[in-house]
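*Asks:* Using this note's numbering, read the sequence shown as starting at 127 and increasing by one per residue. All C-beta atoms, glycine included, are put in the ideal place defined by N, C-alpha and C. For clarity, every value in this text was computed on a predicted model and none was experimentally measured. First the structure, which I've put down as C-alpha cells, then a few questions once you've had a look.
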Amino acid sequence: MPDTEETDGDVYVSPRYLAGSTYTGDRALEPLLALGFDLRNDDLGNAYVTAPDHRVRLGFLPEGDDDGLWRINAYRDRFGPPAWGVSFNDSAPTEFVTAFTTALAQAYAAGPDTYLAEPDLRDPELGAFGAVVPLIKNGWQFQHPRWGVLELQSPDGMATCEYTTGRLDPEKELTTLEARWHLWGGPKNGYARWYATATTNTPTTLVKAITLSVSDPAPLPRWKDALLPGLREAAQLTPVTPPATPVPTPLDVQRALTRRPPALGTRSVPRWSTTTLPPATAVPRRAPHR
127 MPDTEETDGD VYVSPRYLAG STYTGDRALE PLLALGFDLR NDDLGNAYVT APDHRVRLGF
187 LPEGDDDGLW RINAYRDRFG PPAWGVSFND SAPTEFVTAF TTALAQAYAA GPDTYLAEPD
247 LRDPELGAFG AVVPLIKNGW QFQHPRWGVL ELQSPDGMAT CEYTTGRLDP EKELTTLEAR
307 WHLWGGPKNG YARWYATATT NTPTTLVKAI TLSVSDPAPL PRWKDALLPG LREAAQLTPV
367 TPPATPVPTP LDVQRALTRR PPALGTRSVP RWSTTTLPPA TAVPRRAPHR
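Dropping the structure here:
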C-alpha cells in the first residue's frame, strides 16, 4: 500500500476494478506531457494532447458526445485514419488509464516501430495471449467458450475481459464496443460500470499494461463519500489510517485519581514449615570485669 501521508483518500478499495474513477485526469496525462506532448483545452473543459510528430493523439472529453471520457489514437499517416485506438469510459479507474499512458510514453520514446507495432498477423491469437497472462496469474478464469470470443472473468465475477477473433469492422472498433479487446467491471446495474476497448492493431504491450493494472491485487485509495453507492456495497473498504487509541478525557483522569486504594496492601507472610533448622551457633560470653 502507498504511504498514507501521500494517499489521496481515506479508504483503500479492493478489488481495484471496483474503485471507480478519481474524476481527474492529471496523473494520466503526466507521462505524455513529460515527453513534450502539446496540451490544449477548449471552452468546454475538454483537453487535447498531441505528440510532437502528431502521430499520437489523446482526448480527455468530460464534455464529449458520449461516455467515452478517454480516447487515444495512433497514426501511421498523420492525415490518415487511426492505426489503432483505445478508449476508457468515465467510470474507469483513472489508474488503468495512467498505466496505459505510461506504457504508451515508453513505447513512443522507443520510436514508431514500437508504438505502431502490429500484432503477428500469422497467429494473432498467440500474440494476444501475452496480454491475457496477467489475468490468468491473478486467478481470472476462462468462461464457457463462445464462437469467436475468448472470455476471462475475475474470481468474484465482477470484471470481464473479452478478446474477439476473426475480421472486425475498423470503423466500429473505433466508435463502438465492438472492438478486438473489451474489458469491463463493476456492479451489473447502475452507473458504476466501467469499460475499456482496444482495436485490432493496438500493440500487445500496451494492452498488457491495461490487463496488468486491472488484475493487480493491490487496492486503490479513494474518498469513501465520493464512491458511488453500488461500489461501496460491492467492494471491500479498509481505512487508510487505523482508528487511533482513545485518549483519556479529563473526567477519566479525575476518576482514576479519586479511586480509593485497597484496604490492605500486598505483604509477604512467612509460612509455617516442618523443616528442622540447624541450631544457632552459641556466642561465647565474656567474663565480667572486676
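#1: With DSSP run on the structure shown, which of helix, strand or coil describes LEU332?
#2: Can you give me the start and stop residues for the beta strand (DSSP E) that TYR289 sits inside?
#3: Indicate the three-state DSSP secondary structure (helix, strand or coil) for VAL259 in the structure shown.
#4: Between the beta-carbon of TRP210 and the beta-carbon of THR325, is there less than 8 Å?
#5: Quick check: what's the CA-CA separation for THR392 versus GLY135?
#6: Considering Cα atoms alone, identify which of TRP307, ALA352, PRO245 and ARG348 is closest to THR367.
#7: Enumerate in chain order the residues of its own chain whose CB-to-CB distance from PRO343 is below 7 Å, with the five nearest sequence positions on each side excluded.
#8: Excluding the 5 residues flanking THR400 on each side, which residues of the same chain have their C-beta closer than 7 Å to its C-beta?
#9: I need the straight-line Cα distance from ARG293 to VAL137, nearest angstrom please.
#10: So, at 7 Å on beta carbons, what are the nonlocal neighbours of SER147 in its own chain, with the 5 sequence-adjacent residues on each side left out?
#11: Which two residues bound the contiguous alpha helix (DSSP H) that contains GLU299?
#12: For LYS334, count neighbouring C-beta atoms within 10 Å of its own C-beta (all shown protein chains included) and say buried if the count is 16 or more, exposed if not.
#13: Taking only three categories from DSSP, how would you classify ASP164?
#14: Cutting at 6 Å between CB atoms, please list the residues of its own chain near PRO178, excluding the five before and the five after it.
#15: Cα separation between GLY356 and GLY311?
#16: Under a three-way DSSP split, which group does GLU244 fall into?
#17: Return helix, strand or coil for LEU144, following the three-state DSSP convention.
#18: Contact defined as beta carbons within less than 8 Å: I believe MET284 pairs with ALA236. What is the distance between those atoms, to the nearest angstrom?
#19: With H, G and I counted as helix, E and B as strand and the rest as coil, what does DSSP make of GLY185?
*Replies:* The answer reads as follows:
#1: Position 206 of the sequence shown, counting from 1, holds the residue named residue 332. It is helical.
#2: Within the sequence shown, residue 289 is the residue found at index 163, counting from 1. Where TYR289 is concerned, the enclosing beta strand (DSSP E) stretches over 285-290.
#3: Looking up residue 259 in the sequence shown gives position 133. Helix, per DSSP.
#4: As a working note, residue 210 is residue 84 in the sequence shown. As a working note, residue 325 is residue 199 in the sequence shown. Yes, the pair counts as a contact, with Cβ atoms nearer than the cut-off.
#5: In the sequence shown, residue 392 corresponds to position 266, counting from 1. In the sequence shown, residue 135 corresponds to position 9, counting from 1. Low local confidence applies: a pLDDT of 48 at THR392 is under 50, so the model's placement there is unreliable, with the coordinate-based value given in what follows. Each residue's Cα considered, the two are about 53 Å apart.
#6: The residue given as residue 367 occupies position 241 in the sequence shown. Out of TRP307, ALA352, PRO245 and ARG348, ARG348 has the C-alpha closest to the C-alpha of THR367.
#7: Here residue 343 refers to the residue found at position 217 when the sequence shown is read from its first residue. So the qualifying residues of the chain are ASN264.
#8: Position 274 of the sequence shown holds residue 400. Its pLDDT being 43, under 50, THR400 is placed unreliably in this model, and the coordinates cannot settle the point.
#9: Position 167 of the sequence shown, counting from 1, holds the residue named residue 293. Position 11 of the sequence shown, counting from 1, holds the residue named residue 137. Cα-Cα distance, rounded: 44 Å.
#10: Mapped onto the sequence shown, residue 147 falls at position 21. Here the set comprises ASP216, SER217, ALA218, PRO219 and THR220.
#11: Here residue 299 refers to the residue found at position 173 of the sequence shown. Its alpha helix (DSSP H) spans residues 296-301.
#12: The count along the sequence shown starts at 1 and reaches residue 334 at position 208. Classification for LYS334: buried.
#13: What you label residue 164 is simply residue 38 of the sequence shown in a count that begins at 1. It is a strand residue.
#14: Residue mapping note: residue 178 aligns to position 52 of the sequence shown, counting from 1. The answer, listed in chain order, is GLY162.
#15: Translated into positions along the sequence shown, residue 356 becomes position 230. Translated into positions along the sequence shown, residue 311 becomes position 185. Going from the Cα of GLY356 to the Cα of GLY311 covers about 12 Å.
#16: In the sequence shown, residue 244 corresponds to position 118, counting from 1. Coil, per DSSP.
#17: Along the sequence shown, read from residue 1 onward, the residue named residue 144 stands at position 18. Here LEU144 sits in helix by DSSP.
#18: Mapped onto the sequence shown, residue 284 falls at position 158. Mapped onto the sequence shown, residue 236 falls at position 110. Not really, about 35 Å apart at Cβ, beyond 8 Å.
#19: Taking the sequence shown and counting its residues from 1, the one referred to as residue 185 is at position 59. GLY185 falls in the strand class under three-state DSSP.
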